């Protein structure tokens with residue numbers, strides 16, 4: 001019996017250092033992820049790499065008031081509230097820690113859309129992975145009645161009379177979102193944006209390429225300064241101007257609220273980067289806000 005106990009003690013003495021080493025190795029190699037670079041899933045007009053919290057769903061409202069300027073229209077139109085507005089409501093649902101999907105409706109063109117975002121990589125505290133990367137996709141469909149077809153309108157071959165097809169209602173938006181939390185207070189991101197419209201305006205391509213960039217600077221425990229700019233590389237009409245936005249963000253547990261001024265007159269990216277916007281050089285802009293309210297679902301395992 002003593003020999004048996006002695007054998008067990010010798011075995012433990014031999015294996016314990018290896019077990020301890022393995023645990024220390026796991027501790028050393030275990031990744032510690034950084035906090036999200038951005039609080040919400042949206043930065044004014046652009047997407048962020050942020051994924052909704054686990055076991056949550058959200059209700060969102062995006063609103064853009066009418067165009068105003070630094071002139072009499074600022075007061076006569078009451079900050080744009082007296083003018084026609086653009087609005088979108090959406091519901092989002094978290095599927096996993098890395099993926100969520102969302103459905104929404106915008107009053108412009110009576111557009112319905114569905115989107116999803118997947119977190120490909122997450123930034124680590126030690127900056128061995130210096131960025132977070134997400135893949136975003138949105139598909140939208142216009143439900144309003146098409147306008148009348150002008151006479152002598154043809155397809156690109158100049159021989160077939162033009163007519164609307166059901167597929168002309170669809171547009172698609174894909175983004176690679178690369179963000180980084182540079183410091184405790186400062187974060188930035190860049191988004192290559194690829195847009196495809198089944199129906200494009202005359203003399204323009206169906207495909208539009210844009211590059212959006214944005215930053216967030218934390219001012220306090222629950223407030224931040226936010227800024228965003230995007231450059232569109234093609235399909236730039238004579239009155240197209242790159243959208244620029246500036247504003248403030250306020251956050252509480254379960255809420256993200258953004259108030260801003262923007263030269264983008266639309267909400268969906270398939271419309272922002274393909275439709276003429278206002279000119280910031282002429283001090284023209286729209287006041288808008290984004291509101292996201294998150295709710296937590298009960299965990300079935302509890």
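In this note's numbering, the protein residues as written are 1 to 302.
Where is the CB? At the ideal position from N, CA and C, for every residue including glycine.
On a predicted model such as this, the values are computed, not experimentally measured, just so you know.
Contact check, residue 179 vs residue 125, beta carbons under 8 Å
In the chain shown, counting from the first residue as 1, residue 179 sits at position 179. In the chain shown, counting from the first residue as 1, residue 125 sits at position 125. The answer is no: Cβ separation not under 8 Å.
Residue 138 classed as buried or exposed, judged by whether at least 16 other C-beta atoms fall within 10 angstroms:
Residue numbering aside, residue 138 sits at position 138 when the chain shown is read from its first letter. Classification for residue 138: buried.
Could you name the residues of the same chain whose beta carbon sits closer than 6 Å to that of residue 104, not counting the 5 residues immediately before and after it, in chain order?
Mapped onto the chain shown, residue 104 falls at position 104. For residue 104, where only same-chain residues beyond five positions count, the Cβ hits under 6 Å are 88, 90 and 113.
Does the distance from the CB of residue 34 to the CB of residue 123 come in under 8 Å?
Locating residue 34 in the chain shown gives position 34, counting from the first residue. Locating residue 123 in the chain shown gives position 123, counting from the first residue. Result yes, Cβ atoms of residue 34 and residue 123 sit closer than 8 Å.
Find out if the Cβ-Cβ distance for the pair residue 256, residue 292 is shorter than 8 Å.
In the chain shown, the residue the question calls residue 256 occupies position 256. In the chain shown, the residue the question calls residue 292 occupies position 292. Yes, the Cβ-Cβ distance between residue 256 and residue 292 is below 8 Å.
Using 10 angstroms around the beta-carbon of residue 278, count the other beta-carbons present and answer buried if the total reaches 16, otherwise exposed.
Sequence index remark: in the chain shown, residue 278 carries index 278 (1-based). A residue is called buried once 16 or more other Cβ atoms fall within 10 Å of its Cβ, and residue 278 is buried on that count.
With H, G and I counted as helix, E and B as strand and the rest as coil, what does DSSP make of residue 14?
Here residue 14 refers to the residue found at position 14 when the chain shown is read from its first residue. The predicted model places residue 14 with a pLDDT of 44, which falls under 50 and marks its position as unreliable; any figure quoted below should be read in that light. Residue 14 falls in the helix class under three-state DSSP.
Between the C-alpha atoms of residue 21 and residue 31, what's the straight-line distance to the nearest angstrom?
In the chain shown, residue 21 corresponds to position 21, counting from 1. In the chain shown, residue 31 corresponds to position 31, counting from 1. Confidence at residue 21 is low in this model, with a pLDDT of 44, below 50, so the placement of that residue is unreliable and no value is reported for it.
I'd like the span of the alpha helix (DSSP H) that includes residue 269, first residue to last.
Within the chain shown, numbered from 1, the residue matching residue 269 stands at position 269. 269 to 272 is the extent of the alpha helix (DSSP H) around residue 269.
Enumerate in chain order the residues of its own chain whose CB-to-CB distance from residue 97 is below 6 Å, with the five nearest sequence positions on each side excluded.
Taking the first residue of the chain shown as position 1, residue 97 is located at position 97. Around residue 97: 54.
Assign residue 297 to one of three DSSP states: helix, strand, or coil.
In the chain shown, residue 297 corresponds to position 297, counting from 1. The answer is coil: DSSP assigns residue 297 none of H, G, I, E or B.
I'd like to know if the region 199 to 210 and the region 180 to 190 are in contact, where contact means that at least 3 CB-CB pairs between them fall below 8 Å.
no
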